[in-house]
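Structure first, then comments.
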Amino acid sequence: MTDLDKHQRMANAIRFLAIDAVEKANSGHPGLPMGAADIATVLFTEFLKFDPTSPNWADRDRFVLSAGHGSMLLYGLLYLLGYEDFSLDELKNFRQLGARTAGHPEYGHGAGIETTTGPLGQGLGNAVGMAIAERLQSNRFGENLVDHYTYVLAGDGCLMEGISQEALSLAGHLKLNKLIVIWDNNGISIDGKVEITDSTDQQARFAASGWNTLSVDGHDPVAISAAIRQAQASDRPTLIAAKTTIGFGAPNKSGTAKVHGSPLGAEEISLTRAALNWPHEAFEVPSDILDAWRIAGLRSAQAHKDWQKRFAEADAETRAEFERRNRGDLPAGFSKAVLDYKKKLADEQPTMATRKASEAVLTVINEVVPETIGGSADLTGSNNTKTSQTEPVIPDDFSGRYIHYGIREHGMAAAMNGMALHGGLIPYSGGFLIFSDYCRPSIRLAALMGQRVIHVMTHDSIGLGEDGPTHQPVEHFAALRAIPNLAFFRPADITETLECWQLSLENRDGPSVLALTRQNLPSLRKSYEEDNLCAKGAYVLIDSDDDAAVTIFATGSEVEIAVDAHKDLSAAGIAVRVVSVPSFELFEAQSDDYKAAVIGNSPVKIAVEAGIRMGWDRFIDSDGIFVGMSGFGASGPYKELYEHFGITADAVVAAAKAKLSV
1492 MTDLDKHQRM ANAIRFLAID AVEKANSGHP GLPMGAADIA TVLFTEFLKF
1542 DPTSPNWADR DRFVLSAGHG SMLLYGLLYL LGYEDFSLDE LKNFRQLGAR
1592 TAGHPEYGHG AGIETTTGPL GQGLGNAVGM AIAERLQSNR FGENLVDHYT
1642 YVLAGDGCLM EGISQEALSL AGHLKLNKLI VIWDNNGISI DGKVEITDST
1692 DQQARFAASG WNTLSVDGHD PVAISAAIRQ AQASDRPTLI AAKTTIGFGA
1742 PNKSGTAKVH GSPLGAEEIS LTRAALNWPH EAFEVPSDIL DAWRIAGLRS
1792 AQAHKDWQKR FAEADAETRA EFERRNRGDL PAGFSKAVLD YKKKLADEQP
1842 TMATRKASEA VLTVINEVVP ETIGGSADLT GSNNTKTSQT EPVIPDDFSG
1892 RYIHYGIREH GMAAAMNGMA LHGGLIPYSG GFLIFSDYCR PSIRLAALMG
1942 QRVIHVMTHD SIGLGEDGPT HQPVEHFAAL RAIPNLAFFR PADITETLEC
1992 WQLSLENRDG PSVLALTRQN LPSLRKSYEE DNLCAKGAYV LIDSDDDAAV
2042 TIFATGSEVE IAVDAHKDLS AAGIAVRVVS VPSFELFEAQ SDDYKAAVIG
2092 NSPVKIAVEA GIRMGWDRFI DSDGIFVGMS GFGASGPYKE LYEHFGITAD
2142 AVVAAAKAKL SV
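If you count the sequence shown from 1, position 108 lands on 1599 in the working numbering, and the numbers rise without skipping.
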């Protein structure tokens, strides 16, 4: 058997595993695995550095299937290469409840899946973050310990999505030469030929952003191999445009949209087996081909052993720090630094905007947590995410800890996910809360994947003032609270800001958003508490000696309003409690007894928040009073806006008195 014959049979094993799994499930996308099988065979048998017996090896190459609908390509590869999590039975249960082989690759379902893909373009964005992380880690620990590539298989849809432009232009600017994107250029989308919707010269587009671009026949293994070697030698990221035929080998459906997202059907499968000379039953891979794939799976075993030897030769401090960061553990001095700063705040009682409070807190955090990597979407001076410890990352120097992402919220959020997935880093970044809409797909995926990424989102309400309703979030608190496994924080002062940052960093299983003010806020926590009160999501800030007639719930900048209303109502002889609610999600995680005690039995319950009511009935019931927004904001000085929209202490007092007199 010639090398070409062997290659074709190994590629056909991928094709028919995909064909058979999709047919059995009666659901899925066989076209991409059939068309990209030659690319995958060359990449995994000749180039990719990995170890199926140690799938989380820190210096492995990363492979991202950005075109996640072609998931059977990845599942088939992982089975053939000997990954324990992907047995033949898993492939036979493709797209079935409880199987590792979900419709699109899902991070955490099985070793070998580097990220959750499906929303097109997200994988490409993640890969940019992985390549950034590789450069950052290599700079910190040296090429002896960190020296790997990030490979992406992207489809036409990935390159059409707007996120691709943000991702590729950032990668080109940063000269991420170890990022290699292979474009499965098959010219077909769900609606038919790509040419009916798009005429973009993709290679010219990538080249314009500083990429090396190559073009190959995606079914010629020798050409594919040569292109990857050329890409590895480049001083820039590389796009390899691999011309392929979707559904390669299917006599009647190849090259058409019919093979994109539907099973081939028994008759076409039979014809395809004949056309590709694959006379085997469904899910049957001949032993010599399976052996060849399993040997390919062991190809990097020596590279892994060599790395282990180099790691063992590193000094003890380097080894310990490398392992700590990759485990995701915070440094030993973190908790003490937080408590020391909290004591200082209790003594000094500073008044400042929570965006400035966040900067002050970050200055403490970045000193003791060296793996934080900050950034901002061209709003550094507004978000206050840069501290004295975080020098900028620039194309020719990755020794810094701050990334100027530019006006690329989509790409920034996706890259942050990739950095977290890579391991060893804790990414945080800044933007305006209104632009969480641009980040939302990536935030949702971070929540789905359980990744520790932290979004600092300032200018969190009508309190930003003159920029007006285009920049004033009103529905965004509710929209972000609606995402499962996302911790949304709205701290009321600098002490709560410190506690919310602590919780965000300690949360290893999901993303966090800190919604912070532009306007100054007083320090409301008057005494030192060792316990993190924000950890309970809501807590009684001001209690009442008597049974409270009124309980006021508030978040962020509106807690000050609640405190002012408390003074006025108390002066009128009305017993009042004030509850600060920095996190709905953490409150719901508390015991029923705690939740009942915090909500209390006051006959009048009032919520104050400069957003919409949605979600607040949990605290105040449907007949409670909500002082907040019911529509969009307006342009004007922020104090005038609060008066205009009736979000004031006077409004709270009047509403409480009116309700009590009924």
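All C-beta atoms, glycine included, are put in the ideal place defined by N, C-alpha and C.
Here the structure is a predicted model, which is why all the values come from computation and not from measurement.
Proximity to residue i [Cα-Cα], best of the options
| i | options | result |
| --- | --- | --- |
| Ile1505 | Val1776, Gly1594, Ser1933, Lys1540 | Val1776 |
| Gly1683 | Asp1647, Glu1657, Thr1729, Ala1699 | Asp1647 |
| Asn2092 | Val2070, Ala2080, Gly2102 | Val2070 |
| Val1555 | Thr1747, Asp1580, Lys1583, Leu1611 | Leu1611 |
| Tyr1640 | Gln1721, Asp1550, Leu1659 | Asp1550 |
| Ala2039 | Val2004, Ser2014, Ala2088 | Ala2088 |
| Arg1816 | Gly1914, Gly2001, Ala2063, Glu2076 | Gly1914 |
| Asp1711 | Ala1765, Asp2036, Thr1532 | Thr1532 |
| Lys1497 | Asp2114, Ile1780, Ala2026 | Ile1780 |
| Phe1889 | Arg1696, Gln1628, Gln1499, Asp1580 | Gln1628 |
| Ser2074 | Arg1727, Asp2084, Phe2044, Ala2063 | Phe2044 |
| Asn1908 | Leu1939, Pro2128, Glu2021 | Leu1939 |
| Lys1734 | Ile1679, Leu1564, Tyr2085, Phe2078 | Ile1679 |
| Leu1821 | Ile1917, Tyr2129, Gly1921 | Ile1917 |
| Phe1507 | Leu1762, Leu2132, Ala1906 | Leu1762 |
| Gly1519 | Met1651, Leu1615, Lys1749, Gln1694 | Lys1749 |
| Ser2061 | Glu2049, Met1563, Ser2035 | Ser2035 |
| Asp1708 | Ile1673, Ser1725, Ala1695, Asp1689 | Ile1673 |
| Ala1516 | Arg1500, Ile1530, Glu1581, Met1525 | Glu1581 |
| Ala1970 | Trp1992, Cys1930, Asp1958, Ala1904 | Cys1930 |
| Arg1764 | Lys1827, Glu1839, Leu1568, Asn1503 | Asn1503 |
| Gly1663 | Ala1698, Leu1644, Asp1552 | Ala1698 |
Whether residue i touches residue j by CB criterion (8 Å)
| i | j | result |
| --- | --- | --- |
| Thr1876 | Gly1891 | no |
| Thr1606 | His1595 | no |
| Phe1923 | Leu1870 | yes |
| Val1474 | Leu1996 | Since the displayed the chain opens at 1492 and closes at 2153, residue 1474 lies outside it and no answer follows. |
| Ser1745 | Gly1738 | yes |
| Ala2098 | Gly2047 | no |
| Val2067 | His2057 | yes |
| Trp1798 | Leu1572 | no |
| Thr1949 | Ser1879 | no |
| Phe1774 | Val1965 | no |
| Gly1603 | Phe1585 | no |
| Gly2106 | Arg1972 | yes |
| Pro1728 | Leu1650 | no |
| Gly1620 | Gly1559 | no |
| Tyr1893 | Leu1661 | no |
| Leu1705 | Ala1718 | yes |
| Met1525 | Ala1741 | yes |
Classification of residue i by the beta-carbon crowding that lies within 10 angstroms, buried from 16 upward
| i | result |
| --- | --- |
| Glu2051 | buried |
| Leu1955 | buried |
| Ile1687 | exposed |
| Glu2100 | buried |
| Met1843 | buried |
| Ile1671 | buried |
| Gly1599 | exposed |
| Ile1945 | buried |
| Thr1691 | exposed |
| Asn1703 | buried |
| Arg1500 | buried |
| Ile1681 | exposed |
Three-state secondary structure (DSSP) of residue i
| i | result |
| --- | --- |
| Leu1830 | helix |
| Tyr1919 | strand |
| Asp1708 | strand |
| Arg2068 | strand |
| Thr1735 | coil |
| Met2120 | coil |
| Lys1669 | coil |
| Asp1779 | helix |
| Phe1541 | coil |
| Lys2096 | strand |
| Tyr1640 | coil |
For residue j and residue i, the rounded distance between their alpha carbons
| i | j | result |
| --- | --- | --- |
| Thr1845 | Glu1990 | 12 Å |
| Arg1631 | Asp1675 | 34 Å |
| Leu1665 | Leu1912 | 19 Å |
| Thr1536 | Ala1528 | 12 Å |
| Phe1825 | Ile1856 | 7 Å |
| Gln2010 | His1967 | 18 Å |
| Ala2053 | Ala1983 | 11 Å |
| Ile1510 | Pro1546 | 26 Å |
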